[in-house]
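**Q** Chains as they are written, first to last, in our numbering: chain A, 1 to 246; chain B, 1 to 246; chain C, 1 to 246; chain D, 1 to 246.
Please find one structure pasted underneath; my questions will follow.
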């Protein structure tokens, strides 16, 4: 084209949302590829921070029927902005996390079996080795149970609130996942792809942790120096794992 | 065709049975796709309530040899109406459930390993989290053992009867599956597809429940309010999960 | 061909051995398909009872390099009759079983993990449910440990002998498999295909049995009436499972 | 070519390194094929003893992006000789083992889940059966924990040193793998392919050993005579397993 393209804000937002739809759809499909979901028991969302709009999986749709086109777009108050289908029934949980933690760019919820077992047991997953320490700077917390009132009214919103309450003064990005008691894990990251990555990590370390306790029920948590070493060689200013710092 | 097609009752029944043959064959193949069966250790049936005829897998035939055409059709008294092969050896169990519960449209029996372990242990699978509560409105019961007499005479019919006895005044559709002690699970649903779906659920929650108890042997069942919330957001008049209620 | 073919005994034996080579090769490949082997840790053999010749997998050859042509043929004394490679290092164990039990037509040895765990634990797998009872008429025995002398001299032959000793007066075909202590399972059947089938059964019931004990450590063995019922509905004069009796 | 090719030492080294690049790349891909790695949590290296150069996987690169061409070549002091990417963050551990044990030709590090559980538990994997004895002449040791100082300074080098300390006067090739406490397994072999093979063995026997203890918590280690028999029928002067000795 010889004419100069003038990009308006509206155009730019539309472009970003189009890309995000594709990322969120891809991340949902990746849940299945990583064997984290049975049937439709999982959902991924991503946020466009500039517009404050969230792209999320529609509720109860089979993975084979998902496409970038049928992802639902909602605003941070949960109003549907684009899409013909209901958004995930867990949308209110996702939105609470996006509202509270500006660094979160993507969120995943699954019922992956080994992490779900820890959530059902109401136990945090202790940091027992470097696999865990490479991603989580300490244990993977488990929330308290919701009260009857919290369940009866705005259940999904309250699920988000109890996650926020559990994180408390902690750094949400340094422990990018949590177990909701009697329920299942939620994970997050800077984008939907990283949130899925962390969902895999939670499932793997959940399984390893149970086996570790079965081998040695008296095992103690990882040496804090080793936790520091592994977390910080992958994260933060002096990270040296991978190719980015070369 | 320019001529008007006149559908007789006989034609309509034949059409429905043709469709049901295909559904039951597909559901049997789905057992394999979901890794619920070893060899031929599973069977699915479906009923056409208008004619009272049941389509069921033939006995001991390998999955690779199954087709819609070789499904067997029996009436509710177990008489073969169509088919050259023996129906599943568990046919009498299926028929007893169809006779007792008019809402059941499909039945599945498998020896899926984790659910079978609970059946062998003679223990109900407790409702420990929302994965369970999304499908079963309470624990997944385990029957009593059959008596020597019940085993010796009409074993398969008595297997159906002990399932009915265990359900008692319960709502068969609100807990669409059961463990037969020293044997394995049976599940059901409004159609064969849903019965298979519930067979997957039983296998998954069986595995999660054992792991949960291994992490925390003192865990208690899910908060009844949370059980209500999850079961009722997917089932009943006010369900809001998925796309149907929009 | 217009001329009449005259089959000599030699021709007939060659034809039968050719077919058996193919069966034994196929059965070896099936071990891999059923996820029973890591690397080359498994072997299948079959016997031609008329000639007394045994076809067996060569030792330590990768599954991708196996073919019907490179199966080794040995006589019941272990002398190589055909083949350029060493037969399985466990050949002497197979031969002892063929010599002692004329009904055995095929033998399988694997290190399938769940059955091997029971063998390493030195425990028989108890009959805890109908999955087990459909194939094994009682527990799956575990041999005693071999003595130092038995290990030092003719180890593989003595492995066969301790299996025979453990079976004692029992019916080898009614419990078509055994665990060799500190080692792994051997199974057998009327032909190589059935021996592989039984190897799968042993692996599956081994896993189920451990899980059953983890759920209920005080569980007792299956009611003998139910064991009878399930074993006999698949085996013996009055069997009614499958299509053969119709 | 009609002219005589004159191979200089430089040419020969280049040829060997080219072949080694391919072997190391292939061995890295095999980790994935054997289900030993999640994401990029594993690495393989190989050494060319004549030149003292080591080929190793680049750090944090996805398996789908690996190629023989992007393997990194370092010398035994860790200086990059060829390659545009950072070598594995665990390179210093590999190099320490190559410096100490001249028979080692390939090294593997993974976080395979069952072996990692034993490492996290800080327990050696006992030799409980012949599967283990076929490859490891005794238990698979677990190192002591590193001190805070060892973690803070030259962590990866000290990981190598604590492995060497644990092996002590032992024969590194007779127990070709070890667990690093709170971390994960390292294995080795005469070449990268064999190191991967041993990584699979460690994962399989780790899983079997836990199950064995769950079945019989009082089990004792394998009879030393049987350990000898199985190890020595595959290794050493009188080995008779496989085809090489015929």
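Virtual Cβ for every residue (Gly too), placed ideally from N, Cα, C.
#1: Can you give me the Cβ contacts of residue 96 of chain A inside the same chain, cut-off strictly under 7 Å, excluding the 5 residues immediately before and after it?
#2: What are the residues in the segment 226-237 of chain A lying within 7 Å of chain D by C-beta distance?
#3: Would residue 198 of chain C be called buried (16 or more neighbouring beta carbons within 10 Å of its own) or exposed?
#4: Which residue comes first and which comes last in the beta strand (DSSP E) that contains residue 188 of chain A?
#5: Would the segment 137-148 of chain C count as touching the segment 76-85 of chain C if we require 3 or more Cβ pairs under 8 Å?
#6: Does residue 207 of chain D come out as helix, strand or coil in the three-state DSSP assignment?
#7: Would you please state the rounded distance, in angstroms, between the beta carbons of residue 231 of chain D and residue 137 of chain D? I believe it to be under 8 Å.
#8: Tell me which residues share the same chain as residue 20 of chain C and place their Cβ nearer than 7 Å to its Cβ, disregarding the 5 neighbours each side in the sequence.
#9: If you reduce the DSSP assignment to three classes, tell me which class residue 8 of chain D lands in.
#10: Taking residue 158 of chain D as part of the alpha helix (DSSP H), name the residues at either end of that continuous run.
#11: Looking only at its own chain, which residues have a Cβ that is under 6 Å from the Cβ of residue 22 of chain A, when we skip the five neighbours before and after it?
#12: On the DSSP bridge assignment, give the partners of residue 42 of chain A in chain order.
#13: Taking only beta carbons into account, state which residues of the segment 76-110 of chain D come closer than 8 Å to chain A, listed in chain order.
#14: Skipping 5 residues on each side, what residues in its chain have a beta carbon closer than 7 Å to that of residue 127 of chain A?
#15: Would you identify the three-state DSSP class for residue 80 of chain A, choosing helix, strand or coil?
#16: Could you spell out where the beta strand (DSSP E) holding residue 53 of chain A opens and where it closes?
#17: Determine the contact status of residue 43 of chain B and residue 88 of chain B, defining contact as a CB-CB distance below 9 Å.
#18: Determine the extent of the alpha helix (DSSP H) in which residue 226 of chain B is found, giving its start and end residues.
#19: Can you have a look at residue 12 of chain A and say buried or exposed, based on whether 16 or more other CB atoms are within 10 angstroms of its CB?
#20: Please say whether residue 92 of chain A and residue 284 of chain A have beta carbons closer to each other than 9 Å?
#21: Quick one: does residue 67 of chain B have its CB under 9 Å from some CB of chain C?
#22: Do residue 125 of chain A and residue 209 of chain A have their beta-carbon atoms positioned less than 9 Å apart in this structure?
#23: Check the DSSP bridge columns for residue 87 of chain D and list the partner residues they point to.
#24: Could you tell me which chain B residues have their CB closer than 7 Å to the CB of residue 155 of chain A, listed as they occur along the chain?
#25: Does residue 201 of chain B come within less than 9 Å of chain A when only Cβ atoms are used?
#26: Residues in the same chain with beta-carbon distance under 6 Å from residue 112 of chain A, minus the five sequence neighbours each way, listed in chain order, please.
#27: Run through chain D and tell me which residues come within less than 7 Å of residue 183 of chain C, C-beta to C-beta.
#28: Check distances from the C-beta atoms of the segment 43-68 of chain B to those of chain C and list, in chain order, the residues that come in under 9 Å.
#29: At the 9 Å Cβ level, is residue 247 of chain D part of the contact set with chain C, yes or no?
#30: Name, in chain order, the residues that DSSP records as bridge partners for residue 179 of chain A.
#31: Answer yes or no: does any C-beta atom of chain B fall closer than 9 Å to that of residue 20 of chain C?
#32: With DSSP collapsed to three states, give me the class of residue 201 of chain D.
#33: Given a cut-off of 9 Å, decide if residue 60 of chain D and residue 242 of chain A are closer than it, judged by their beta-carbon atoms.
#34: Could you spell out where the alpha helix (DSSP H) holding residue 151 of chain C opens and where it closes?
#35: Buried or exposed, going by whether 16 or more other CB atoms sit within 10 Å of the CB of residue 98 of chain B?
#36: State yes or no: is the C-beta of residue 100 of chain D within less than 9 Å of the C-beta of residue 183 of chain D?
**A** With the structure as the only source:
#1: 157, 160, 161 and 164
#2: 226, 229 and 233
#3: buried
#4: 185-189
#5: no
#6: helix
#7: 5 Å
#8: 46, 48 and 55
#9: coil
#10: 155-167
#11: 68
#12: A/110
#13: 85, 86 and 89
#14: 133, 136, 138, 139, 221, 222 and 227
#15: strand
#16: 53-56
#17: yes
#18: 224-234
#19: exposed
#20: Residue 284 of chain A is absent from the model: chain A starts at 1 and stops at 246.
#21: no
#22: yes
#23: D/58
#24: 229
#25: yes
#26: 36 and 203
#27: 129 and 130
#28: 58, 59, 60 and 61
#29: The structure shown does not extend to residue 247 of chain D, since chain D spans only 1 to 246, so no value can be given for it.
#30: A/142 and A/185
#31: no
#32: helix
#33: yes
#34: 148-152
#35: buried
#36: no
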